[in-house]
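Enquirer:
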Amino acid sequence: MKSNLFKTLLALGLVLVFSSCEKDKGEDPMPVDDAEFKYVRILVNDESGTELSLIDPVKLSVEKFEAKFPKSALYGTQAGRFGALVNGANNHVQLFDTGFEGHGDHVDTKGTPKLAALIGDGNKPTHFKSKGDEIITFNDGDGTLSIANEADFHATGAKMTTINAGNVAHHGAMTKFDNGTYAITEKDGSVAGVLPERVKIIDVSGKTIAASSIQTKGIHGNATNGTVSLFGSSSGILVVEQNGAQRLIAHPADFETAWFGSILEAKGAGKFIGYTAAKGAYLIDVTANTVTPVMASTDIMQAKVDYAGNNLVILLHSGEVRIFDLKTNTLKVNGNVIASTSKEETQKPQLEATTRYLYVTQPKTGELLQIDIKNLAKINKIKVSATPYRLAILGMESSEGH
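Residues in the sequence shown are numbered consecutively from 1, following the UniProt record's numbering.
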């Protein structure tokens, strides 16, 4: 009898233990695919101070650093490990190291977050690009390029190297092709002002490989996929191939004098996007030579490609966000996320996005908002600095360590 009672109690105990385990398993408050990726970081700087905030978006924690200057433009490198602080007003470029090194299926941690040793001291560095392990700035003050490789970022006393392409000072831009050459703007003086009119291709020594074949009436904004580069132009979208061939894609007929001053590349979707505040955001098809609206609107405050390059995220002055799938050019998410912002505001909220979350600065409250794309009402507020200025997503969209 005692034996039967023991067996009954043992069986009941096992059932209770199993049920308890199942219950605990089912009440996991944060499923893995709802959290931000473990190896993503957000870097935010300040408009009036040198405070630099590095946010861990999983822990919602903030680590502080000191930049050399306030009010720098922020960028991430192509590989994701480093961030760049570009300050044209003070002829200065700084690099920030997350310590994360991506290896495709996993991420290695190579060190603690820190500012790198290498600096750039070009003449008014303004336009920034990253290709492979190289960073590039266009220096408006003299029309030169400055370049550096990641292997030198922590070398004491290291500086970016200058490439002199025989340019004059102008508000220019550049891209780097897969074959190692650069498409760089040049000013011929045919149009008054600081905007360039032409693009030529040079090598790393500054030697011209392919001369400009098209003269425009002004260029601003550019992007590349490695084989073809697009430059925004008042004469049309200037397409420059790495073999030197050039052509123009016409703007839509209703653009009149409007043109794309910003060109974006969406790597994941394999698309280019043109944006102008006067008309909206449009897909540019370099094969068909067509321009198709994603969102035609004059109320767009920010238009950004997400970190993976699959979606276009648009933040309106009204506070509404709209997310478009660029592979299908369809709206997938929309809703209000912040209060409305006047078009006259001098410092507006800034936007970036990963696959899972939106990040929006709040200049008046000193906060960074983390907004769940699956549920736009779910917002975390993270205190960063008095007047957050710009932000950049760094790291990798991965949670797999080594």
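Cβ atoms here follow ideal geometry from the backbone N, Cα and C, with glycine treated the same way.
Strictly by DSSP, which residues pair up with H127?
Expert: Answer is F138.
Enquirer: Skipping 5 residues on each side, what residues in its chain have a beta carbon closer than 8 Å to that of A258?
Expert: Only H251, T276, A278, K279 meet the Cβ criterion.
Enquirer: For L326, which option in P113, G274, S342, I382 has the closest C-alpha, if you only look at C-alpha atoms?
Expert: The shortest Cα separation from L326 among P113, G274, S342, I382 belongs to G274.
Enquirer: So if DSSP puts Y357 in a beta bridge, which residue, or which two residues, is it bridged to?
Expert: DSSP lists D372 as partners of Y357.
Enquirer: For E150, collect the residues of the same chain with a Cβ closer than 6 Å to its Cβ; drop the 5 residues on either side in sequence, then sort them by chain order.
Expert: Correct list, in chain order: D133.
Enquirer: When you compare the stretch 350-358 with the stretch 304-323, are there three or more beta-carbon pairs, one atom per stretch, that lie closer than 8 Å?
Expert: With a cut-off of 8 Å, the stretch 304-323 and the stretch 350-358 count as touching, because enough Cβ pairs lie within range.
Enquirer: Do the stretch 171-187 and the stretch 153-161 touch if we need at least three Cβ pairs shorter than 8 Å?
Expert: No, because fewer than three Cβ pairs between the stretch 171-187 and the stretch 153-161 fall closer than 8 Å, the two stretches do not touch.
Enquirer: Between the beta-carbon of L43 and the beta-carbon of A392, is there less than 7 Å?
Expert: It is a contact, given that the beta carbons lie within the stated cut-off.
Enquirer: Please give me, in chain order, every unbroken run of the beta strand (DSSP E) with length at least 3 that falls completely inside the stretch 256-280.
Expert: Fully enclosed beta strand (DSSP E) runs of 3 or longer: 262-266, 271-276.
Enquirer: Just the Cα atoms here: how many angstroms apart are residue 424 and G49?
Expert: There is no way to answer for residue 424, as the model of the chain reaches only from 1 to 402.
Enquirer: What does DSSP give as the partner residue(s) for T216 in the beta ladder?
Expert: Answer by DSSP bridge pairing: none, since T216 is not bridged.
Enquirer: Leaving out five residues on either side along the sequence, give the residues of the same chain with a beta carbon under 7 Å from the beta carbon of residue 411.
Expert: This structure gives no information on residue 411, because the portion of the chain shown stretches from 1 to 402.
Enquirer: Mind checking whether G335 and L376 have CB atoms under 7 Å apart?
Expert: Result yes, Cβ atoms of G335 and L376 sit closer than 7 Å.
Enquirer: Between which two residues does the beta strand (DSSP E) carrying K187 extend?
Expert: Note, K187: premise wrong, no beta strand (DSSP E); not H, not E.
Enquirer: Can you tell me where the beta strand (DSSP E) with H92 in it begins and where it stops?
Expert: Per DSSP, H92 belongs to the beta strand (DSSP E) from 92-97.
Enquirer: Bridge partners of T109, per DSSP?
Expert: F100, per the DSSP bridge assignment.
Enquirer: Quick check on DSSP: helix, strand or coil for A117?
Expert: Strand.
Enquirer: Is the beta carbon of T227 sitting closer than 7 Å to the one on Q215?
Expert: Taking 7 Å as the Cβ cut-off, T227 and Q215 do not qualify as a contacting pair.
Enquirer: What do you get for G270, buried or exposed, if any count of 16 or more other CB atoms within 10 angstroms of its CB means buried?
Expert: Exposed, by the Cβ-count rule.
Enquirer: Classify V199 as buried or exposed, calling it buried when 16 or more other Cβ atoms lie within 10 Å of its own Cβ.
Expert: That one is buried.
Enquirer: Please classify G401 as buried or exposed, where buried requires at least 16 neighbouring CB atoms within 10 angstroms.
Expert: Exposed is the call here.
Enquirer: Please classify E150: does DSSP put it in a helix, a strand, or coil?
Expert: Correct three-state label for E150: helix.
Enquirer: Can you name the residues that DSSP bridges to V384?
Expert: Per DSSP, none; premise fails for V384.
Enquirer: Buried or exposed for R81, please, with buried defined as at least 16 other CB atoms from any protein chain shown within 10 angstroms of its CB.
Expert: Burial call: buried.
Enquirer: Measure from the alpha carbon of H220 to the alpha carbon of each residue in F231, A211, S212, A210, then state which is nearest.
Expert: Taking only the C-alpha atoms, the option nearest H220 is F231.
Enquirer: Cutting at 6 Å between CB atoms, please list the residues of its own chain near M240, excluding the five before and the five after it.
Expert: It should be pointed out that residue 240 corresponds to Val in this sequence rather than to Met. Only A183, V199, S229, Q246 meet the Cβ criterion.
Enquirer: Below 7 Å CB to CB, which residues in the same chain sit around A296 once its five sequence neighbours on both sides are set aside?
Expert: Within the same chain, A296 has close Cβ partners K279, G280.
Enquirer: Quick one: which unbroken beta strand (DSSP E) runs of 3-plus residues sit fully inside the stretch 55-95? Chain order, please.
Expert: The stretch 55-95 contains these whole beta strand (DSSP E) runs: 61-66, 73-76, 82-87.
Enquirer: The beta strand (DSSP E) spanning S229 covers which residue range?
Expert: Where S229 is concerned, the enclosing beta strand (DSSP E) stretches over 228-233.
Enquirer: For E63, I'd like the list of residues in its chain whose CB is within less than 7 Å of its CB, leaving aside the five on either flank, ordered along the chain.
Expert: Hits under 7 Å: L54, P113.
Enquirer: Leaving out five residues on either side along the sequence, give the residues of the same chain with a beta carbon under 6 Å from the beta carbon of A266.
Expert: Result list for A266: V305, G309, L326, in chain order.
Enquirer: I'd like to know whether the C-beta atoms of K71 and H92 end up nearer to each other than 7 Å.
Expert: Against a cut-off of 7 Å, the Cβ pair of H92 and K71 comes out as no contact.
Enquirer: Can you name the residues that DSSP bridges to L315?
Expert: Beta-bridge pairing links L315 to Q302, V321.
Enquirer: In this structure, how does DSSP classify D203 when only helix, strand and coil are distinguished?
Expert: The answer is coil: DSSP assigns D203 none of H, G, I, E or B.
Enquirer: Per DSSP, N222 forms a beta bridge with which residues?
Expert: According to DSSP, N222 bridges with F231.
Enquirer: By Cβ distance, which residues of its chain are closer than 6 Å to G99, with the 5 residues on each side in sequence left out?
Expert: T109, K110, G111, T112, P113.
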